[in-house]
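J.: Before I ask anything, let me first share the structure, which is written out below as C-alpha cells.
There are 2 protein chains.
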Amino acid sequence: MSGVTANAKRIGRVPRYHRIAETLRERIRGGALAPGARLDNQRELAKSFAVTLMTLRQALELLEREHLITRRHGLGTFVAAPSIDYDILQLRRFAGDLSAKGEHVATRLLGARFAAPDRRVAEALRLPARARVFVLERLRLVDDHPMSLQRSFLPPLIGDEVVRADLARTPLHQVLEFKLGVVIVRAHETVSAVRLGRREARDLGCHAGEAAFESERISHDAGGAPVVFDRVFIPGDRFRITRELHYEGATS
Amino acid sequence: MSGVTANAKRIGRVPRYHRIAETLRERIRGGALAPGARLDNQRELAKSFAVTLMTLRQALELLEREHLITRRHGLGTFVAAPSIDYDILQLRRFAGDLSAKGEHVATRLLGARFAAPDRRVAEALRLPARARVFVLERLRLVDDHPMSLQRSFLPPLIGDEVVRADLARTPLHQVLEFKLGVVIVRAHETVSAVRLGRREARDLGCHAGEAAFESERISHDAGGAPVVFDRVFIPGDRFRITRELHYEGATS
DNA sequence: GAACCTCAGTGTTCTAGAACTCTACCGTCC
DNA sequence: GGACGGTAGAGTTCTAGAACACTGAGGTTC
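Spelled out as C-alpha cells, the structure:
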C-alpha cells in the first residue's frame, strides 16, 4: 500500500460530510456565525466545500439534528439559538455525560467537602439526621459553556475513599466501581422545573430566578443500598427533553 | 390545470420517502415485521419500492430517528425492540389525563377560535406561513385546582369540524376519532423549562415569571400527517417527571 | 489451537445533475 | 386599497450509479 493511499485512507476515515459539519460547527461556536445569522445558500456552500449538494445537505442534517441550525424552506439556513436536546428514550444519563452527542464535554470540580445533609438527602441515603455526607460539586461544560451544576452527596464511608481520588480526572462512577467495588445498577430520577437560586445562577453564569430543570437522582448498588444522591441544575434555555411516542394498541 | 396533473400534485405533496416510511411503519406496527426481525437489504427494498438507494435511505433515516429500526453497518437493518412500556405510562400523565392517578380531573374550556399560528406551530403542522389554525384553549383541573394550561392547534380543515363538537364534554381525541376518523398513532414531544408569561400565569392562578414545564407535542395520524400541535404549560410546583433507570449490561 | 486471510453480504459515502416547492416581494389590475 | 400573479432566490426531492467500509464466517497457515 503506497504512502499516498494510506494517507488518503486515514483522512477518508471521517466522512466528508462530518468534516464539513465540524467546520461549520466551529464557525458557529467561534462566533464567526452568530445566532440568527443566515448561512450561504446550499449551492454556494456546496461549491465552497467542493462537494455535491447532497453531500452538503447531509452535513446540514447533522447540524440540524443537533439544533445548531434551522432550515426554512424558501428562506434559508440559519444559526439556531443555543440549546441541547436530550432524548429521554435513549436512557443514557440525564444528568451526566452528553459526550455521546459528539460535543466537547468537560467537568470542572468546584468543591469537595463534608457537610450536613438537608432532609431530602438524608432520607434518600437512609442516614440519621445528624450524619455528615461528602458533597461533591461539579460544573459540566459543553463546548466551554456551563451546562449543568451537579452536586453529588455520598454517605460518609464512601466519601472517605472518594475524597482521595483525582476527581478532576476520573469519573465518579469509575472511582466507585474500581476503587470501592460499588456498581450502580439502578437509579430513580425526579425532574422538576424550578427557578435558579443566586448561588446556582452564579456558578452557571446566568441570572438568579431563571427557569431551570432540577433533577434529583438516587442511585443504588446491586445490594439495593443507596450510594449516591445527585442534584443537578440545568438552565431551561440550554436543555430540552424529547420523546417519541407510539400509541399502538389502545387508543384510549 | 388538468385533472390528472392536479391529482398527481395532490398525491405528490407527500414526498416519496415519507410514504415509504409510512408503509414500513405499518408493517412494523401490523406485526408483519416483529421486533428483532431483519428487513430486506437496502438494495432490495429500494428495488421493491422502485426508488433509488438514496431515497430509500431517507425513509430509513426517518424510522431510525423514531427508534423504530436500528441499522448496523455490515449486518443489516433491524426492527428495534419496543421500549414503549415506559413511554405509555408517562404519556397519560403528561400533557393530558391524570385520571389514572385516581384524582378528580376536570377540563374547562377557555376558548376556541381561529387565529394565525406562530412559526413553530405552522412548521409543525406543515402549513404555509399565512394559513389560519384552529386554537383550542383548555385548563385541566385536578381536584378543582388548575394543573395545566393546554393550547391545541389544529389545521383549518380539521378545525372546521372540531368547532362543532361539544368540547366541554367530549375529549378532543374522541372527536377526532369518531367524527373525523382520525386516529393518532405517533407523537413527538419536547419538554423545556420556562417562566410563565402573564396570561398563562393568570389562567393557572399563579404568578407571572414562575418556573414551569412547557411541553410541545406534535401528533401524527396513521398516514403520517401532523394533526394536532399541543402546547402545555404546567407550573413547576405542581408536577414532576420521574423515571426508573436500570444499568444492567453496559456500565458505560 | 491460534492467528491470519479472504470473501460475500450489507450498510455508507459521494458524484452530477434535474426538477420541484416554498417564501417574500413587487408589480399590475380591478 | 385589495386581490391576483409573476419572479428571484432558497430549500427539497429524486435519479442512476460507483466506490468504500464494516461484519461474520469459513478456510489457510503456522
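Residue numbers (this note's numbering), protein chains in the order written: chain A, 199 to 450; chain B, 199 to 450. Note that beta-carbon positions come from the ideal geometry of N, C-alpha and C, so glycine has one too.
Any idea what DSSP makes of T250 of chain A, helix, strand or coil?
T.: In the first sequence, counting from the first residue as 1, residue 250 of chain A sits at position 52. It is coil, neither helix nor strand.
J.: Within the 9 Å Cβ cut-off, does L287 of chain A reach chain B?
T.: On the first sequence, position 89 is the one that residue 287 of chain A refers to. Residue confidence is low: L287 of chain A scores 39 on pLDDT, short of 50, so the model does not pin down where it sits. Its coordinate-derived value is still stated next. Answer yes: the Cβ-Cβ gap between L287 of chain A and chain B drops below 9 Å somewhere.
J.: When the cut-off is 9 Å and only beta carbons count, does A257 of chain A lie next to chain B?
T.: Residue 257 of chain A sits at position 59 when you count from the first residue of the first sequence. At a cut-off of 9 Å between beta carbons, A257 of chain A makes no contact with chain B.
J.: For the beta strand (DSSP E) containing E412 of chain B, list its first residue and its last residue.
T.: On the second sequence, residue 412 of chain B is found 214 positions in, with the first residue counted as 1. E412 of chain B -> beta strand (DSSP E) spans A409 to D419.
J.: Could you work out which residues of chain A lie near G421 of chain B, taking near to mean beta carbons separated by less than 8 Å?
T.: The residue you call residue 421 of chain B lines up with position 223 of the second sequence. Below the 8 Å Cβ cutoff, chain A contributes no neighbours of G421 of chain B, its closest Cβ being approximately 15 Å away.
J.: By DSSP, does F437 of chain B sit in helix, in strand, or in coil?
T.: Here the question's residue 437 of chain B lines up with position 239 in the second sequence. The answer is coil: DSSP assigns F437 of chain B none of H, G, I, E or B.
J.: In whole angstroms, what separates the C-alpha of A278 of chain A from that of E259 of chain A?
T.: What you label residue 278 of chain A is simply residue 80 of the first sequence in a count that begins at 1. What you label residue 259 of chain A is simply residue 61 of the first sequence in a count that begins at 1. Between A278 of chain A and E259 of chain A, the C-alpha separation is close to 13 Å.
J.: Should P233 of chain B be flagged as near chain A, meaning a C-beta pair shorter than 9 Å?
T.: Taking the second sequence and counting its residues from 1, one reaches residue 233 of chain B at position 35. It does not: the Cβ of P233 of chain B has no partner Cβ on chain A nearer than 9 Å.
J.: Our contact map puts T388 of chain A next to R438 of chain B with C-beta atoms below 8 Å; I'd like the distance itself, whole angstroms only.
T.: Residue 388 of chain A sits at position 190 when you count from the first residue of the first sequence. Residue 438 of chain B sits at position 240 when you count from the first residue of the second sequence. Rounded, the Cβ-Cβ distance is 5 Å, consistent with contact.
J.: Can you give the Cα-Cα distance for L273 of chain A and V319 of chain B, rounded to whole angstroms?
T.: Here residue 273 of chain A corresponds to residue number 75 of the first sequence, with the count starting at 1. Here residue 319 of chain B corresponds to residue number 121 of the second sequence, with the count starting at 1. Roughly 17 Å separates the two Cα atoms.
J.: Against F276 of chain B, what residues of chain A qualify as contacts under a CB-to-CB distance less than 7 Å, listed in chain order?
T.: Against the second sequence, residue 276 of chain B aligns to sequence position 78. Chain A residues near F276 of chain B: none, gap ~17 Å exceeds 7 Å.
J.: Anyone know if the C-beta pair for A409 of chain A and G379 of chain B falls short of 9 Å?
T.: Locating residue 409 of chain A in the first sequence gives position 211, where the first residue counts as 1. Locating residue 379 of chain B in the second sequence gives position 181, where the first residue counts as 1. In this structure, G379 of chain B does not lie closer than 9 Å to A409 of chain A by Cβ.
J.: Taking 9 Å as the cut-off, decide whether the C-beta atoms of R306 of chain B and L352 of chain B are in contact.
T.: Mapped onto the second sequence, residue 306 of chain B falls at position 108. Mapped onto the second sequence, residue 352 of chain B falls at position 154. Contact flag unset, no.
J.: On the CB-based measure, 16 or more other CB atoms within 10 Å of its CB, does T250 of chain A come out buried or exposed?
T.: Stepping through the first sequence from its first residue, residue 250 of chain A is reached at position 52. Flag for T250 of chain A reads exposed.
J.: Can you list, in chain order, the residues of its chain whose CB lies under 6 Å from that of F431 of chain B, leaving out five sequence neighbours each side?
T.: Locating residue 431 of chain B in the second sequence gives position 233, where the first residue counts as 1. Contacts found: L347, E398, A410 and E412.
J.: For H343 of chain A, which three-state DSSP category applies?
T.: Residue numbering aside, residue 343 of chain A sits at position 145 when the first sequence is read from its first letter. For H343 of chain A, the secondary structure class from DSSP, reduced to helix, strand or coil, is strand.
J.: Distance cutoff 9 Å, beta carbons only. Does V389 of chain A sit that close to anything in chain B?
T.: Locating residue 389 of chain A in the first sequence gives position 191, where the first residue counts as 1. So yes, V389 of chain A belongs to the interface.
J.: As a quick exercise: from A:L334, A:R415 and A:R217, pick the residue whose alpha carbon is nearest that of A244 of chain A.
T.: Walking along the first sequence from the start, residue 244 of chain A turns up at place 46. Ranked by Cα distance from A244 of chain A, the first of A:L334, A:R415 and A:R217 is A:R217.
J.: Using a Cβ-Cβ distance under 9 Å, would L266 of chain A count as near chain B?
T.: Position 68 of the first sequence, counted from the first residue, corresponds to residue 266 of chain A. Closer than 9 Å: no.
J.: R410 of chain B CB to nearest chain A CB: under 9 Å?
T.: What you label residue 410 of chain B is simply residue 212 of the second sequence in a count that begins at 1. The sequence given here places Ala at residue 410 of chain B; Arg does not occur at that position. Any Cβ of chain A closer than 9 Å to the Cβ of A410 of chain B would place that residue at the interface, and such an atom is present.
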